[in-house]
Structure formats: structure tokens, C-alpha cells
């Protein structure tokens, strides 16, 4: 799948020239480091308290006191944007952490043991994957009355693990009958140890690549849910700002403009890093050059 | 061929049974009393009883499941409790054309935008055309469409005055243009990269070189020999992404205040109308399963290399 491949800059091809990160991957990492910094130090960076609202100054344009203007409640948009970084970071990392862990474990079990357990797990992933995009998350959040951050993370993880499981299963099938695994079995190693030491590590490269792009997907999914009014209600999120911004965008275009840029650049940065990792980690890519 | 079709059909039926069961279970897992969450705590006991009966919540879980299947099998997807005689399917049917129109227009835009750019990029790999199309593709998948939509509206309707103002009643193609572009951008980016890598794979193959060597004009080789084979993976993506377009339509319909299945779903979520929510979710995933089935079969029919045994 070469969907997101970046142009290879024309670097010298000699030696192991393809085996390092390109400039865009470093740019992506720099942007992500900045996002992480803002997320961690949000209370010190934000010009106002999170609870600060000035009802006499609603929906104002940018000014000296409010660099990005104010929202419909008179809250400072820059403050909300800075705190929103936390939601994006927490949701992006947690969803991918949960999905990849569950997916690797179930995928490894499925591929290694085969039989009815493989059959059952793969049918389950097929059912979960028949809900395109965030549809299943929309349904799950609908039944929780007050969506919180854990609810959003849970809803996005319920269907998200299946693609990791299928990826890992395929990788495990490819190595499970290799001689070195056979040798490990013959030497009497317990099954979980064979999986842990000899089988699963072989699946890590594609999982890391998919997980990186997964962070971008999770951030976009959370923003989409928030935009639909189904995001976390307990914290300001970028998508929520856009939801508000969209209702007033003819009056105050700035309200939606900057949060959208924040989402876009964060997602773009994650994709840059994902492309860089793929160029470094994916052996098939290197072979095709 | 027949065995392949039957096996594929069997999987799809199994998946649909799974989807129906999962949707049923999720909606029965609502914490607290769903009737109270719909009517409010202060509502009359009579009303609560009536709604409970209408939603079949007074029956056992097994009976509810069977009744649910009855509604799915009969194609009504249940009768609305607040409007007797109107079924969920009636509501869906009223909204489906608008959503399909949007999704197909987005697909059309994605194809006419991505194919030429993808081909151009593959003909000169690592040139400026290729590099800039790669950047456009990355931007395309990173832009949230609920942001792109409003920005396009501001740019084309308000600043440039090229398209009708939002809210003004304009029928026809112009009203469809911005929503379709908004919805199709992400898909377009993916298709562009697929076309490029598909073309790159076949351009160096022997049969393409042979076609060139026997003196066929370059454009004929590209269009007739290379593109036809490069397009196979593109067709799969187009099929797989149709479901994603239907989900994306929920967002785009909200951005442009367009009627459709997405708006129906969002309004039903707001009003906590369980029947319509489950109807919309079932409709979108059924469509997805059917389109995937059709894609698989079509792929098999057009690619002679695929065997069915």
C-alpha cells in the first residue's frame, strides 16, 4: 500500500542511503514535539484560565487581549485551542495504544493457533469492519448519555483493533512454520514464550507503521465526533471548537480557521513521521527501489 | 466461478447477521432506562408505558431480538412511535437519494481529479509533478472535511462571489459542487497515490516495453496497455471507500445543511430516537457490505488472472 508515500528526495543512493529519515520526517517530529510541549505545559502557556468566560465579549474577532478572538460563551479561543491539544494527544495515543495491543495479542493467537479460534476472531473482525469509518463509534457514543474522554477512547477502540489483528495474523502465518520457530518448539519452549520471543517481534515493523498512521486517524476521528457534537463534553477539543465555529463561520470565520489548521498540521506531521518510518522499516519498500 | 460467488455471498449474509445482532446488542446495552432518557424523568407513567410497549421493551430479550429481525426482514425497520403508520424505511427512502447523489458526485470528482494527476506523477517519478502531487495527496488526507467545507464556502461563495450563497435556494449542479469536492478530497488523495504506484508497477513490465517497441504511440500504450492493468487496485479502493463516503456524508451534510441520511441520523441522535438511529446505522453498513460484495465480484470478472478455486 503506497497510499501515503512521500517523494524520495534525490539523495545519493549509494550504500544504505535509503535507510534514514528524510527531512519531512524530521519536520514532522519537530511539529509533534511542539504539540507535546503545548499539551504538557498547557496551564502555563494558556493566557486565561480554562473556566474564564466573559459574557460581555462573545464571538469577538482577534484583539490584543484575545489573540484568536472569543467563542459564543466569551471564552478565549487561544486558551481552548491550547487545552484542546491535550484531548488530541490523549485520544490519539490511547486509542492507538489500546488497539495495537489488543490487535497484536488477538492477531498472534489467531494466526499461530488457527482452527476455530482463528475462524471466530476473523469473522468478528469482518463484522466490526462492516461499519465504515466512525459509524460504530457514533452508535456507541449515542448510548452513553454524556460522552467523556474515556468513552470516546473506548468507542474508537472497539472497532479499531480489528485492522491490527488482521495485519498481525497475516505476518504470523508467514513465520509460524519457519525453521527457527519449529526449532523453538522442538526445544520445548512454552507456547507463550515462542509467541513472545520468536513470532510477535517479527510483526513489529508493519505494526509500528500502521500505528503511526493510526494516531493521525484517531485524532481526525475524535475531531469528527466532536464536530458532530459527540465528542468529550468535559474538555475543550479542536473538533468541538470547529463545531461552534461552523455555526457562526459566516460571522466569525476565525473561530473555525485556526482550530482546523491545528488539526491539519498535527495530522500532517504524524503522516510525515509515518512515511519516514515506512521508508526506514519496510523491507519490501527498499527492495522495490 | 459459481462456488466463488456462493462462498462470497455466504460470507456477506453471515456478516449482515453479525451486524444486525451487534447493533441490537449495543442499543440494548443503554445504561439506565431508555424510555426515561427519551421522554424525560417527569413524564407521565401512561406515556412511559405506551412508549415501552411500542419499543417492545416490555418483552424479553429473546422476543425483542426476534421482533427486531422481523422488522429488518420485512424491510420496514420498525414503525415510529411518535408517528404511527410511518416506518423508519419511509424516512430513509425520503433521504437516500440526496445522500447517494452526494456520494456519487464526490466519487466522480475524486476520479476525474486523481486519475490524470496520478498518471502524470507516474510518468515522471520524482519530478516536480510527482513531488507536488505527493504533497497535495498528503494535504488531502490531513484536511478534516468539516474544515475544508466552510473554508471553500467562504472562499467561493463570499469572497469570490462565484457560487451561490449558502442558504439561498439553488437547485442543480452548483449546489452539489462544493459538498462533493469537500467529501471527495480525501478519497481523491488516496486514489492519486494508488494510481501512481499501480502505474509505476506496470510501466516497466515487458508487455508495456513490447508495445512501445512495436511502435505504438506513447499515449495509446499508457491508456490502453498500462492504465487498464494499473486500475485494478484502484477499483477495489473505490468500492471499499464508498462506505467511508457514506459516513463522511454525515459530516458534509451537517457542514452544508444538506438533507440526507446523515442529517436524519444526527437529528435522531439529538431527539434520542432509537429506531431511526438504528435504521440509519443498519442502512449504511448494509450498503457497505453490498458494495464490497459487488466490488469483489466485478474485480473477479474483469481480471482474468483471478481464478475461483
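Residue numbers (full-length UniProt numbering), protein chains in the order written: chain C, 1 to 289; chain S, 1 to 309.
All C-beta atoms, glycine included, are put in the ideal place defined by N, C-alpha and C.
Residue 272(S) is a Cβ neighbour of residue 37(S), given a cutoff of 8 Å. Distances from the alpha-carbon of residue 188(S) to those of 111(S), 244(S), 159(S) put 111(S) closest. In the displayed model, residue 54(C) falls within coil according to three-state DSSP, outside both helix and strand. Judged by their CB atoms, residue 188(C) and residue 28(C) are not nearer to each other than the 8 Å cut-off.
For the pair residue 30(C) and residue 140(S), the Cα-to-Cα distance works out to about 21 Å.
Within the segment 15 to 44 of chain C, no residue has its Cβ closer than 8 Å to any Cβ of chain S. Taken through DSSP and simplified to helix, strand or coil, residue 79(S) comes out as strand.
Annotation: Cβ neighbours of residue 244(S) in chain C (cutoff 8 Å, chain order): 132, 133. Taking a contact to require three or more Cβ pairs closer than 8 Å, the segment 242 to 253 of chain S and the segment 44 to 58 of chain S do not qualify as touching. Where residue 58(S) is concerned, there is no enclosing alpha helix (DSSP H), because DSSP gives it neither an H nor an E. Secondary structure at residue 87(S): strand, using DSSP grouped into helix, strand and coil. Nearest to residue 176(C) by C-alpha distance, out of 133(C), 113(C), 262(C), is 113(C). Counting only residues of its own chain and dropping the five nearest sequence neighbours on each side, residue 161(C) has a CB closer than 6 Å to the CB of 99, 102, 103. Residue 288(S) reaches chain C at 130, 131, 132, counting residues in chain order whose Cβ is nearer than 8 Å. Against chain S, the beta carbon of residue 224(C) has neighbours under 8 Å at 144, 146, 251, listed in chain order.
Not flagged as an interface residue toward chain S: residue 233(C), since no C-beta distance is shorter than 8 Å. Setting aside the 5 residues that flank it on each side, residue 52(S) is surrounded in the same chain by 35, 58, each with a C-beta closer than 7 Å to its C-beta; the list follows chain order. Per the C-alpha coordinates, the member of 134(C), 237(C), 260(C), 69(C) positioned closest to residue 54(C) is 69(C). Excluding the 5 residues flanking it on each side, residue 86(C) has same chain C-beta neighbours closer than 8 Å at 39, 42, 235, in chain order. If you ignore the 5 residues before and after residue 99(S), its C-beta comes within less than 8 Å of the C-beta of 246, 249, 253, 260, 261, 262, all in its own chain and listed in chain order.
Considering only 167(C), 241(C), 130(C), 221(C), the residue with the shortest C-alpha distance to residue 94(C) is 221(C).
Residue 251(S) places its beta carbon less than 8 Å from that of residue 228(C).
In this structure, DSSP gives residue 234(C) a state outside helix and strand, which the three-state scheme calls coil. For residue 254(C), the enclosing alpha helix (DSSP H) has its first and last residue at 254 to 281. Remark: C-beta atoms of residue 283(S) and residue 92(S) approach each other more closely than 8 Å. Within chain S, 147, 150 have C-beta atoms less than 7 Å from the C-beta of residue 256(C), given in sequence order. Among the residues of chain S, those whose CB is under 7 Å from the CB of residue 267(C) are 142, following chain order. Between residue 199(S) and residue 122(S), the gap from beta carbon to beta carbon is short of 8 Å. Around the beta carbon of residue 152(S), 16 or more other beta carbons sit within 10 angstroms, so the residue counts as buried. Within the segment 27 to 39 of chain S, the residues whose Cβ lies closer than 8 Å to any Cβ of chain C are, in chain order, 27, 29, 30, 31, 32, 37. Neighbours of residue 139(S) in chain C, taken as residues whose beta carbon is under 9 Å from its own, are 264, 268 in chain order. For residue 204(C), none of the residues of chain S pass the 9 Å Cβ criterion, the least Cβ distance being about 24 Å. Contacts between residue 113(S) and chain C, judged by CB atoms closer than 9 Å, are missing: the closest CB pair is about 16 Å apart. Judged by their CB atoms, residue 230(S) and residue 202(S) are nearer to each other than the 8 Å cut-off. The beta carbon of residue 68(S) is closer than 7 Å to those of 24 in its chain, skipping five residues each way along the sequence. A direct Cα-to-Cα measurement between residue 76(C) and residue 91(C) gives close to 23 Å.
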